[in-house]
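Engineer: One structure, pasted below without further comment.
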C-alpha cells in the first residue's frame, strides 16, 4: 500500500478494510505526561515513545517485504507516575482497560498483528498493558504484543553484553540513572534539543530504584528536583546510540512476533509474577 509508515487516522474505513490482515501491523505508542525534573518536558516519555515506535516502523518496512505498517495515534496515558505539577496519573485499571478496548476493537475487524510500545519505567504500567494483552490473546488468539517491559528491563537492569560498549561503560560508571538522568536527557537532546533546559548544572541524585515506586519520591528522596541520575553526563550523540540500540532490540522482537517464532519470552516484565503489582480489576470476558 505504501513504502512508508501510514498514520491510522489518515485512512478511510474502506482503505483500512482493504488491507490484507496477514500483511498489516498496527503500532501503538502509550506513555504518560510526567514530570522529568527542571530540565526536561512533561512529554519526555511520550516523545521517546513516538520516536521509538516510528523507528521500529521504518525498520519493519525495510526488513519485512510487503508489510503494511500503520501508526495508531499515540496515547498520552500512564500509571505509576512521579508526582509533581503537570504529572497526569491514571488508575492502573484505566490503562489496562484502554489497551484492552483498543485491542478488542481492532481484533473484531480481523487485525492480528498489533504491537504496543509502553514507554514508562513503572512496573505497574508495564503490567497493566501486559494484562490487557494477555486477556486479548486468550480471547482472540495471539494478536497483540507488548515488548517494552521486557526490553526496558534488558537495557536498564540486566545490561546484556551485546549492548554497545559505550552504553555498558556508562551503566558501569553511573549505575543509578533511573529518571531524567543521562539516558533520558541524552535521548531528548537527540529528539528535540530545543525542549531541553540547562542540564549541565544538575548534580547527581542517587537512590535505590525501589524508592521510585513511591509517587512522592521526587520530594522524599530527590531533593525536590524531580530527577534521579546524572543529567550532566548527557550528550546528543549518546542519545542517538540509546535510541538506535532500543529500536534495534524492539525490531528484532517485533519480527519474531510477526513470524510467531520465539516471541513469548518477551511478553512480560520481570515483575510480572509479583502479585502486589497487578491490577485489581476482573478479567474481561
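Residue numbers (my numbering): 152 to 436. Built from N, CA and C at the ideal position, the CB exists for glycine as well.
#1: So residue 248 is in the alpha helix (DSSP H); what residue range does that whole segment cover?
#2: Rounded to the nearest angstrom, what separates residue 229 and residue 239 at their Cα positions?
#3: Looking only at its own chain, which residues have a Cβ that is under 6 Å from the Cβ of residue 243, when we skip the five neighbours before and after it?
#4: Helix, strand or coil for residue 322? Go by DSSP, reduced to three states.
#5: Just the Cα atoms here: how many angstroms apart are residue 434 and residue 428?
#6: Kindly indicate which three-state DSSP category residue 180 falls into: helix, strand or coil?
#7: Under DSSP, the alpha helix (DSSP H) around residue 406 begins and ends at which residues?
#8: Are there 16 or more other CB atoms within 10 angstroms of the CB of residue 415, so buried, or fewer, so exposed?
#9: For residue 236, name the three-state secondary structure that DSSP assigns.
#10: Under 7 Å Cβ to Cβ from residue 385, same chain only, skipping five residues before and after it: list those, please.
#11: So, helix, strand or coil for residue 221, using DSSP?
#12: Enumerate in chain order the residues of its own chain whose CB-to-CB distance from residue 206 is below 6 Å, with the five nearest sequence positions on each side excluded.
#13: Assuming contact is defined by CB atoms lying nearer than 8 Å, are residue 348 and residue 187 in contact in what I supplied?
#14: Check for me: the beta strand (DSSP E) holding residue 268 runs from which residue to which?
#15: Compare the C-beta of residue 220 with all C-beta atoms of chain B and state if any pair is closer than 8 Å.
#16: DSSP state of residue 334, grouped into three classes?
#17: Of all the options 315, 290 and 226, which has the alpha carbon lying nearest to the alpha carbon of residue 395?
#18: Looking at C-alpha atoms only, which residue of 233, 261, 156 and 417 is the closest neighbour of residue 304?
#19: Name, in chain order, the residues that DSSP records as bridge partners for residue 380.
#20: On a Cα-Cα basis, can you pick out the residue from 194, 192, 158 and 221 that is closest to residue 174?
#21: In angstroms with no decimal places, state the Cα-to-Cα distance between residue 405 and residue 287.
#22: Indicate whether residue 261 and residue 193 have their beta-carbon atoms separated by less than 8 Å.
#23: Relative to the alpha-carbon of residue 372, which residue among 181, 233 and 322 has its alpha-carbon at the smallest distance?
#24: What span of residues does the alpha helix (DSSP H) with residue 211 cover, start to end?
Structural biologist: The structure says:
#1: Segment 243 to 259, the alpha helix (DSSP H) holding residue 248.
#2: So the alpha carbons of these two residues sit roughly 8 Å apart.
#3: Cβ-Cβ distances below 6 Å link residue 243 to 230, 275, 279 and 430 in the same chain, with the five nearest sequence neighbours on each side left out; the list follows chain order.
#4: Correct three-state label for residue 322: helix.
#5: Distance between the alpha carbons of residue 434 and residue 428 is about 16 Å.
#6: Three-state DSSP puts residue 180 in a strand.
#7: Annotation for residue 406: the continuous alpha helix (DSSP H) segment containing it runs 387 to 410.
#8: Exposed, because fewer than 16 other Cβ atoms sit within 10 Å of the Cβ of residue 415.
#9: In the structure shown, residue 236 sits in coil (DSSP, three-state: anything other than H, G, I, E or B).
#10: Within the same chain, residue 385 has close Cβ partners 333, 336, 337, 340 and 350.
#11: Secondary structure at residue 221: strand, using DSSP grouped into helix, strand and coil.
#12: Excluding residues within five positions, the ones whose Cβ falls inside 6 Å are 398.
#13: Not a contact, by the Cβ cut-off of 8 Å.
#14: Segment 265 to 269, the beta strand (DSSP E) holding residue 268.
#15: Structure shown: chain B not included; a single protein chain is present.
#16: Judged by DSSP in its simplified three-state form, residue 334 adopts helix.
#17: Selection 315, 290 and 226 evaluated against residue 395 yields 315 as nearest (Cα-Cα).
#18: Proximity to residue 304 across 233, 261, 156 and 417 peaks at 417, based on C-alpha coordinates.
#19: Answer by DSSP bridge pairing, in chain order: 356.
#20: Among 194, 192, 158 and 221, the Cα nearest to that of residue 174 belongs to 221.
#21: Approximately 18 Å between the Cα atoms of the pair.
#22: No, the Cβ-Cβ distance between residue 261 and residue 193 is not below 8 Å.
#23: Here the closest residue by C-alpha is 233.
#24: Start and end: 195 to 214.
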